[in-house]
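There are 4 protein chains.
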Amino acid sequence: MTDADIYRQFTWPVRVYWEDTDAGGVVYHTGYLRFMERARSEWLRAVGVQQAELREQQGVMFVLCAAQIDFRRAARLDDLLEVCCTVTERKRASLCFRQEVRDAAGVLVSGVIRVACVDARTFRPQAIPAGLLPLICISE
Amino acid sequence: MTDADIYRQFTWPVRVYWEDTDAGGVVYHTGYLRFMERARSEWLRAVGVQQAELREQQGVMFVLCAAQIDFRRAARLDDLLEVCCTVTERKRASLCFRQEVRDAAGVLVSGVIRVACVDARTFRPQAIPAGLLPLICISE
Amino acid sequence: MTDADIYRQFTWPVRVYWEDTDAGGVVYHTGYLRFMERARSEWLRAVGVQQAELREQQGVMFVLCAAQIDFRRAARLDDLLEVCCTVTERKRASLCFRQEVRDAAGVLVSGVIRVACVDARTFRPQAIPAGLLPLICISE
Amino acid sequence: MTDADIYRQFTWPVRVYWEDTDAGGVVYHTGYLRFMERARSEWLRAVGVQQAELREQQGVMFVLCAAQIDFRRAARLDDLLEVCCTVTERKRASLCFRQEVRDAAGVLVSGVIRVACVDARTFRPQAIPAGLLPLICISE
Numbered sequence: 033m034t035d036a037d038i039y040r041q042f043t044w045p046v047r048v049y050w051e052d053t054d055a056g057g058v059v060y061h062t063g064y065l066r067f068m069e070r071a072r073s074e075w076l077r078a079v080g081v082q083q084a085e086l087r088e089q090q091g092v093m094f095v096l097c098a099a100q101i102d103f104r105r106a107a108r109l110d111d112l113l114e115v116c117c118t119v120t121e122r123k124r125a126s127l128c129f130r131q132e133v134r135d136a137a138g139v140l141v142s143g144v145i146r147v148a149c150v151d152a153r154t155f156r157p158q159a160i161p162a163g164l165l166p167l168i169c170i171s172e
Numbered sequence: 033m034t035d036a037d038i039y040r041q042f043t044w045p046v047r048v049y050w051e052d053t054d055a056g057g058v059v060y061h062t063g064y065l066r067f068m069e070r071a072r073s074e075w076l077r078a079v080g081v082q083q084a085e086l087r088e089q090q091g092v093m094f095v096l097c098a099a100q101i102d103f104r105r106a107a108r109l110d111d112l113l114e115v116c117c118t119v120t121e122r123k124r125a126s127l128c129f130r131q132e133v134r135d136a137a138g139v140l141v142s143g144v145i146r147v148a149c150v151d152a153r154t155f156r157p158q159a160i161p162a163g164l165l166p167l168i169c170i171s172e
Numbered sequence: 033m034t035d036a037d038i039y040r041q042f043t044w045p046v047r048v049y050w051e052d053t054d055a056g057g058v059v060y061h062t063g064y065l066r067f068m069e070r071a072r073s074e075w076l077r078a079v080g081v082q083q084a085e086l087r088e089q090q091g092v093m094f095v096l097c098a099a100q101i102d103f104r105r106a107a108r109l110d111d112l113l114e115v116c117c118t119v120t121e122r123k124r125a126s127l128c129f130r131q132e133v134r135d136a137a138g139v140l141v142s143g144v145i146r147v148a149c150v151d152a153r154t155f156r157p158q159a160i161p162a163g164l165l166p167l168i169c170i171s172e
Numbered sequence: 033m034t035d036a037d038i039y040r041q042f043t044w045p046v047r048v049y050w051e052d053t054d055a056g057g058v059v060y061h062t063g064y065l066r067f068m069e070r071a072r073s074e075w076l077r078a079v080g081v082q083q084a085e086l087r088e089q090q091g092v093m094f095v096l097c098a099a100q101i102d103f104r105r106a107a108r109l110d111d112l113l114e115v116c117c118t119v120t121e122r123k124r125a126s127l128c129f130r131q132e133v134r135d136a137a138g139v140l141v142s143g144v145i146r147v148a149c150v151d152a153r154t155f156r157p158q159a160i161p162a163g164l165l166p167l168i169c170i171s172e
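Chains as they are written, first to last, in our numbering: chain A, 33 to 172; chain B, 33 to 172; chain C, 33 to 172; chain D, 33 to 172.
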């Protein structure tokens, strides 16, 4: 498995704590979106990008444009999940991800997430820094 | 304006607090989903449904099946927003909502949310209680 | 009741939503701290201070230094609570609040909260802006 | 180092994500309390206790009674923290913890947390299950 493969199929483990659950006894729906962002953040870190640095040194950050989420099955307290993150599209100023939250029995939640690169002050679209582009592998 | 109209175009005010913001200086993306759920909960309350009672007395609750969210513009600390909630589809065991989060200048975030009525223990789909259906008006 | 009295005994209503609860069926413990901060923010707004403006125009903000919280009884989904907020101490660069979260049956959670006024960039202690001090009434 | 030592000085790593921060550019204050609970949950898991099982099989759970927190220095996006958790008192139906959130430069936040063992339905105090007590080592 090459580095490129790792970045194509990035996976991050997430444990469910009390903070993630609601009175229905399961993970509150926004929990899965937070878990997905942790995986995107860790994927960025794995390809060598620190978001805090990106913001301070290059003045840009990534923000959500659109999210399409399917909630199939709920996770519960103490569950150990894995969240995967695959880049499916790379444009000048935006990226599209396919993401899944899974447990041992299969997919719980899946999503398509579009993020834009924006100026950290004005929130106007900004080209993804040139140094970052080659680090981002697209999955077919 | 009749009662039916009120329920067709339900709107709920939301103030942005520190807890809702992130280091980007704006509302963290899951905040808008929480605001949308507050509006759905208050709409249910307005049509006469207490969700805690629904669960204890009828053994059912509503859970998210799918969410499709567009993030156009970000809200900031101290902003006063309004969140609207319109039922666009009413099936035997699910409802579909069109929702918007707005400020004085227009729409910030819009979404299509599908919720299912499920058994509170098994999470299996359950018919929406008969007494509830006539309270739910569909918007064309 | 004079304006001064209002500010001495400031109270803010809070409704409990799904987002606030956990799998124990009650409000997750950090919820009460968020509710207390909403009351402090609304108290500041009531005495004429917008925190976003305070930060942009004067370069200062309030941050938590210490919190001492007693959790006596838990709130549940749909509960309507009131959160009160009384200033018990006013120093050059900090304020101390006594706060309570109550329902119709009495106090659920009580706390003593100390906040410091800090420079918004360096987080170094900063004198509370002179224009703000006269607005803050101390309760005996 | 024996097993007992491990449980006396339990430490858990926590990464700061966007979800944890606020518009002040730092971790929102309730984040540290959530981090502390993650460490307590992982400490329980390390001594062999699954909280979900504890609740289903023995009908008890741990809830917060009191928290005393000192916020000295703030964590920021991307920071890698460690959260430690030491039992300082073990009574029939409650435990007291001393906890710290640290980065490489020292302590950011420290706290004393008291949790009670309660009946999961009535929230009445309940003796800590006999099988659990020997697993809990007290630090002097």
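Virtual Cβ for every residue (Gly too), placed ideally from N, Cα, C.
* What is the residue span of the alpha helix (DSSP H) that R108(B) lies within? -> Run containing R108(B): none; DSSP gives neither H nor E here.
* Asked: Looking at the C-beta of F155(D), does it have a partner C-beta in chain C at a distance below 8 Å?
  -> True, the Cβ-Cβ gap to chain C drops below 8 Å.
* Kindly say whether R134(C), judged by its beta-carbon, lies nearer than 8 Å to any beta-carbon of chain D. => Any Cβ of chain D closer than 8 Å to the Cβ of R134(C) would place that residue at the interface, and such an atom is absent.
* chain C contact for Y60(A) (CB, 8 Å cutoff) -> Yes - at least one Cβ of chain C is within 8 Å of the one on Y60(A).
* To do: Just the chain A side, please: which residues come within less than 9 Å of W50(C) by C-beta, in chain order?
  => Near W50(C) (Cβ distances below 9 Å), the residues of chain A are D54, A55, G56, Y60, H61.
* Determine the extent of the beta strand (DSSP E) in which S126(A) is found, giving its start and end residues. => Looking at the DSSP string, the run of the beta strand (DSSP E) that includes S126(A) is 126-135.
* Would the stretch 122-137 of chain C and the stretch 94-106 of chain B be scored as touching if the rule is three or more Cβ pairs under 8 Å? -> With a cut-off of 8 Å on Cβ pairs, the stretch 122-137 of chain C is not in contact with the stretch 94-106 of chain B, counting fewer than three such pairs.
* DSSP-derived helix/strand/coil call for M33(B) -> Unreliable placement is indicated for M33(B), whose pLDDT of 42 sits below 50; the coordinate value is still reported in the next sentence. The answer is coil: DSSP assigns M33(B) none of H, G, I, E or B.
* Which residues, taken in chain order from the stretch 105-123 of chain C, show a beta carbon closer than 8 Å to some beta carbon of chain A? -> Along the stretch 105-123 of chain C, the positions whose C-beta sits under 8 Å from a C-beta of chain A are R108, L109, read in chain order.
* Can you tell me whether DSSP reads G143(C) as helix, strand or coil? -> Assigned with DSSP and collapsed to three states, G143(C) falls in strand.
* Do we get a CB-CB distance below 8 Å when we pair V81(C) with the residues of chain D? -> V81(C) does not count as touching chain D.
* Asked: For M68(B) and chain A, any beta-carbon pair shorter than 8 Å?
  -> Chain A, which has no Cβ nearer than 8 Å to the Cβ of M68(B), makes this no.
* To do: Please say whether E114(D) and T43(D) have beta carbons closer to each other than 8 Å?
  => In contact: T43(D) and E114(D) (Cβ atoms closer than 8 Å).
* How would you list, in chain order, the residues of chain A whose beta-carbon sits under 8 Å from the beta-carbon of D151(B)? -> Going along chain A, no residue has its Cβ under 8 Å from D151(B), so there is no contact; the nearest lies around 11 Å.
* **Spatial distance of F129(A) from L167(C) (CA atoms)** => Cα to Cα, F129(A) sits roughly 50 Å from L167(C).
* Would you please verify whether the beta carbon of I160(A) is less than 8 Å from any beta carbon of chain B? => At least 8 Å separates the CB of I160(A) from every CB of chain B.
* Tell me whether the beta-carbon of A55(A) lies closer than 8 Å to the beta-carbon of C117(A). => With contacts defined as CB atoms closer than 8 Å, A55(A) and C117(A) fail to qualify as a contacting pair.
* Asked: Do we get a CB-CB distance below 8 Å when we pair L76(B) with the residues of chain A?
  -> For L76(B), the answer is no, since every Cβ of chain A falls outside 8 Å of its Cβ.
* Asked: Could you give the distance in angstroms between the alpha-carbon of Q89(B) and the alpha-carbon of P161(A)?
  -> Answer to the nearest angstrom: the Cα atoms are 56 Å apart.
* Asked: How about A106(A) and V48(A): are their beta carbons less than 8 Å apart?
  -> Not in contact: A106(A) and V48(A) (Cβ atoms no closer than 8 Å).
* Reduced DSSP secondary structure (H/G/I, E/B, other) of Q225(C) -> Lying before the first or after the last residue shown, residue 225(C) is absent from chain C, which here runs from 33 to 172.
* **Separation of R87(B) from D151(B), as counted between CA atoms** => Cα to Cα, D151(B) sits roughly 9 Å from R87(B).
* Other residues of its chain near Y64(B): CB distance less than 6 Å, five sequence neighbours each side excluded -> Within the same chain, and ignoring the five residues on either side of Y64(B) in sequence, the residues whose Cβ sits closer than 6 Å to its Cβ are V133, V141.
* Have a look at E51(A) and A84(D) and give me their C-alpha separation to the nearest angstrom. => Between the alpha carbons of E51(A) and A84(D) lies a distance of about 14 Å.
* Asked: Between the beta-carbon of V81(A) and the beta-carbon of C149(A), is there less than 8 Å?
  -> Result no, Cβ atoms of V81(A) and C149(A) do not sit closer than 8 Å.
* What is the DSSP secondary structure of Q82(C), counted as helix, strand or coil? -> Coil.
* **Contact check, R66(A) vs T62(B), beta carbons under 8 Å** => Taking 8 Å as the Cβ cut-off, R66(A) and T62(B) qualify as a contacting pair.
* Buried or exposed (CB count within 10 angstroms, at least 16 for buried), G163(B) -> The residue in question, G163(B), is exposed, as its Cβ has fewer than 16 Cβ neighbours within 10 Å.
* Three-state secondary structure (DSSP) of P161(D) -> Judged by DSSP in its simplified three-state form, P161(D) adopts coil rather than helix or strand.
* If you follow the beta strand (DSSP E) that L167(A) is part of, which residue opens it and which one closes it? -> Premise fails: L167(A) is in no beta strand (DSSP E) and is neither H nor E.
* Leaving out the 5 sequence neighbours to the left and right, which residues in its chain are closer than 6 Å to V46(B) when beta-carbon positions are compared? -> Correct list, in chain order: F67, L113, V115.
* To do: Please classify G56(C): does DSSP put it in a helix, a strand, or coil?
  => In the displayed model, G56(C) falls within coil according to three-state DSSP, outside both helix and strand.
* **Nearest to D135(B) (by Cα), restricted to the options I145(B), R104(B), Q158(B), V119(B)** => Ranking I145(B), R104(B), Q158(B), V119(B) by Cα distance to D135(B) puts R104(B) first.
* Cβ-based neighbour list, R108(C), same chain, cut-off 6 Å, excluding 5 preceding and 5 following -> By the criterion of a C-beta distance shorter than 6 Å, R108(C) is surrounded in its chain by V58, once the five residues flanking it on both sides are discounted.
* Go to F155(B), then tell me how far its beta strand (DSSP E) extends in each direction, as first and last residue. => Run containing F155(B): none; DSSP gives neither H nor E here.
* Leaving out five residues on either side along the sequence, give the residues of the same chain with a beta carbon under 7 Å from the beta carbon of S171(B). => Contacts found: R40, T118, V119, T120.
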